[in-house]
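So the structure is just underneath, and the comments pick up after that.
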Amino acid sequence: MLESLKFFILRFDRRRRFFRTLAPAQRILDIGCGTGKNVTEIQRLFPSLEFHGVDLLQDSQVPPFVQYKRVDLEDGALPYPDEYFDAILVVHVLEHLHRPLRLGSEIHRVLKKGGRVYVETPNWISLFIPSLAVDRSQMQTINFFDDHTHVKPWSRQGLYAYLGACCHLEVEKVGTVRNWLRLPGDPFVILAGLVIPNRGNVASAIWNLTGWRIYGVGKKSTH
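Here the sequence shown is numbered in the working numbering, starting from 6 and rising by one per residue.
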């Protein structure tokens, strides 16, 4: 019952709504794929898709169904041919880069005409969320600089400009990542996570309640 409710609520998550639009796509690139959380979710929906990922992890840390390449994204260059991917994910990557502009040009280069990009990153408001002293060993980010590898947060306007001017895409949407079905319960989740220390639950609820994350969707022109 609880799992069914969780699945229903997650369907309204902005990132997962984008995932469900990927059915027609053939080849997906996850930039900063990490251990494959996003592509694993997509694979459950569309197992026939071809998945590629780049990051700095070792090959053994990435799921075997992902065609993985170890790439330093600060260099910007992506080791793929022109117009190779139907869709690209850039989830919690830009805030780690000192030089994100070249990556924008590379995203445009390797994306097929008509292909779409989903970008997600911390909102500037994350600078002002207090870093709570709750179960720090869980290493969940509450204040932006809880993650020592973070460089700078983004605004919605900045993300809009990045997709348009740097990635040379038609910007379809820019907004705040917030699951409205979760909002009524978020204060109670935070309270419970403080009483019985659970930094992960506290962080997740704070992110949703405050609009901690922003997203953008861009599309490459077919002309």
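Each residue gets a CB set at the ideal place from its N, CA and C atoms; glycine is no exception.
Task: When E111, P86, E88 and L196 are compared against V95, the one with the closest alpha-carbon - done: Considering only alpha carbons, the answer is E111.
Open item on the list: Does the segment 120 to 138 come into contact with the segment 68 to 76, if we say contact requires no fewer than three beta-carbon pairs (one atom in each stretch) closer than 8 angstroms?
Closed with: no
Open item on the list: Alpha carbons only, please: which of L137, R183 and D91 is nearest the one belonging to E125?
Closed with: R183
Open item on the list: With a threshold of 8 angstroms, are at least 3 pairs of Cβ atoms found where one atom belongs to the segment 178 to 192 and the other to the segment 154 to 170?
Closed with: yes
- [ ] Determine the DSSP secondary structure at F12, reduced to helix, strand or coil.
- [x] Confidence at F12 is low in this model, with a pLDDT of 47, below 50, so its placement is unreliable and the value that follows should be read with caution. Reduced to three states, the DSSP call for F12 is helix.
Open item on the list: Using C-beta distances below 7 angstroms, list every residue in its chain close to P202, excluding the 5 sequence neighbours before and after it, in chain order.
Closed with: Within the same chain, V139 and D140 come within 7 angstroms of P202 by CB-CB distance, once the 5 residues on both sides are set aside.
TODO: Specify, as a first and last residue, the run of the alpha helix (DSSP H) that L62 falls within.
DONE: Element bounds for L62: n/a, residue is neither H nor E.
Task: Local conformation of T40 per DSSP, three classes - done: Coil at T40, not helix or strand.
Open item on the list: Let me confirm a value: I219 is counted as buried when at least 16 other C-beta atoms fall within 10 Å, else exposed. Which label applies?
Closed with: buried
- [ ] Pick helix, strand or coil for N2, following the three-state DSSP scheme.
- [x] Residue 2 lies beyond the residue range present for the chain, which begins at 6 and ends at 228; the question has no answer from this structure.
TODO: Can you grab the Cα-Cα spacing for the pair K42 / D18, in whole Å?
DONE: 15 angstroms
Task: L54 to I93 span [Cα, whole Å] - done: A direct Cα-to-Cα measurement between L54 and I93 gives close to 13 angstroms.
- [ ] Could you check if N105 is buried or exposed, using at least 16 other CB atoms within 10 Å of its CB as the buried criterion?
- [x] The sequence given here has Pro at residue 105, not Asn. Buried: at least 16 other Cβ atoms inside 10 Å.
Task: Other residues of its chain near L10: CB distance less than 6 angstroms, five sequence neighbours each side excluded - done: Note on L10: pLDDT 42, under 50, position unreliable in the model; no value is reported.
TODO: To the nearest angstrom, report how far apart L188 and L50 are at their CA atoms.
DONE: If you take the alpha carbons of L188 and L50, they lie about 26 angstroms apart.
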